[in-house]
Amino acid sequence: MPLFKPNFQNGLAVPGGEEIGFTDGDVINFLNVDGNDNKYVTADKALQNSDVYSVVYQLSSDLATAKLNANKKQSQAMIDNPTNNWSNSHAFWQSVFAQLLLGGEAFVYRWRNVNGNDMRWEYLRPSQVTIYALEDFSGVYYNASFDSPLVGYKEAIPANDMIHFRMMSQNGGATGISPLSALSNEFKIKDNSNKLTLNALTQSVLSPGILKMDMGLLNDKTRAAASRKFMQQINESNGGPIVLDNLSDYSPLEVKNDVSKLLSQTDWTGTQIAKVYGVPDSVLNGQGDQQSSLNMIGGEYAKALMRFANSITSELSNKLGAKVSIDLKPALDPLNNDFASNIQLLSQYGTLSPEQAQWLLKNSGYLPEDMPEYVVPASPPSAGGKEES
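For our numbering, count along the sequence shown from 1 and bump the result up by 850.
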């Protein structure tokens, strides 16, 4: 089947037939020749922001901690051990999910045998992959460069051989959009705010105070000498009190409220980052909504996780030909405390019997398996005979 020119790219084609991945630092120099375009945000620059690093780390770690379940044993085996000896399962999936959160896309190549069975999966950086459309736009295929020199460059990789996770799209789901694209202005404001804050702090501490001397007119040389003498006294006092005569008066300078306000600008950018990723402010150690309960915050975070999880389970189900679901409980309730509270509540309302509640708690690992079985206490016998008059 003849193939058209690529319609989808995850990189920038440059003269000479080469391609610069959008996650590579070189793409900035190519797009931003005059140094005036600050719209593009690279993943490595974004990770230098503590708020972005925090939210991406927490979301990717929790998604990797969650349990992916497939209704086929072979698919489940690959999900549980995707790379054989290259990496452990949690590290592999966290790197995939972190790339998805940063770039809006993540790629996993399926190494399969002649029978089509998966042998191992290999994580590919977005800069290694280029997406092409089929002639009739009925599907896509991929070209990819591999780190191994034994593999090199593979062309016309079928879509079924590439697990392609993507988030929000503008082309019907063929490619994804990075959440960082919505934060370009915020990063620019943050950079300028940091520069302004550092400059204000520097200016505020250049002079520690004002020393007044009631000695009439003094020339510059005399004033400078008096200042050095005073600072020498401070340095040699070993933290002791400063002694001044009646002709001198010293007033220390304080950091003004305006500078303190500048230091709080990071709260605003943190809120914007949390909004882009759809998580509560408290995830970034912010104040959040003081009226919100812990259950409400946990519920909003669970919704955010499920939004990202749906793009993961949908792609896996499509490529593996199996029904893949995700259990967020290991990430949201690692100690089973919320689970135990819900079981207790259901028991109080009579929805669960004590035996059923005990079975559920044992099955979840909250109670030890060798714990004695619950025995329903016998009802006391009713008192017989007539009442005394």
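For glycine and all other residues, C-beta sits at the position ideal for the given N, C-alpha and C.
Scanning K1004, D1131 and M1012 for the CA closest to the CA of F996 turns up K1004. Counting along the chain, the unbroken alpha helix (DSSP H) around M1081 starts and ends at D1070 to E1086.
Between the beta-carbon of P932 and that of W971 there is about 4 Å, and that keeps the pair under the 8 Å contact cut.
Proximity to L1033 across K1125, G989 and L1000 peaks at K1125, based on C-alpha coordinates. Per DSSP, reduced to three states, the secondary structure at F942 is helical.
For E1005, no alpha helix (DSSP H) run applies; the uninterrupted beta strand (DSSP E) run containing it begins and ends at Y1003 to P1008, by DSSP. Taken through DSSP and simplified to helix, strand or coil, D986 comes out as coil. In terms of Cα proximity to K922, the closest of F957, R1016, E1219 and K1173 is K1173.
The beta-carbon separation of A1190 and A916, rounded to 20 Å, does not stay under the 8 Å limit for a contact. The Cβ atoms of I1027 and G954 lie closer than 8 Å to each other. Rounded to whole angstroms, the gap between the alpha carbons of V990 and L1217 is 50 Å.
With fewer than 16 other Cβ atoms inside 10 Å of its own Cβ, W936 counts as exposed. The stretch 907 to 916 and the stretch 1164 to 1173 do not touch, with fewer than 3 CB-CB distances between them shorter than 8 Å. Here A941 is actually not in contact with L1030; their C-beta atoms are around 23 Å apart, not less than 8 Å.
Contact between A994 and I1013 does not hold, since their C-beta atoms are separated by about 12 Å, which reaches or exceeds 8 Å. For N919 against S1132, the beta-carbon gap comes to about 29 Å, at or over 8 Å, which does not count as contact. By DSSP's assignment, L1166 forms no beta bridge with any residue. For N963 and S998, the gap between their C-alpha atoms comes out near 18 Å. Of the candidates N899, A956, V906 and Q898, the residue whose Cα lies closest to the Cα of A1154 is V906.
Checking the DSSP bridge columns, you'll see T980 partnered with N993. In this structure, D1011 is the residue among D1011, L1210, T1119 and G966 with its C-alpha nearest to the C-alpha of L974.
Sorting A1024, R1157 and S1214 by C-alpha distance to the C-alpha of D1183 places S1214 at the top. Per DSSP, D912 is one residue of the alpha helix (DSSP H) stretching across S900 to T915.
Taking 8 Å as the cut-off, the beta carbon of A1207 is found no closer than this to the beta carbon of L1178. The beta carbon of A1074 sits closer than 6 Å to no other beta carbon from its chain once the five residues preceding and following it are set aside. For E1165, the CB contacts under 7 Å within the same chain, skipping 5 residues up- and downstream, are I1013, H1014 and F1015 in chain order.
Taking all protein chains shown into account, P1222 has fewer than 16 neighbouring C-beta atoms within 10 Å of its C-beta and is therefore exposed. In terms of Cβ geometry, V979 and F957 form a close pair [threshold 8 Å]. Judged by DSSP in its simplified three-state form, L897 adopts coil rather than helix or strand. In the three-state DSSP reduction, A1024 falls in the coil class, being neither helix nor strand.
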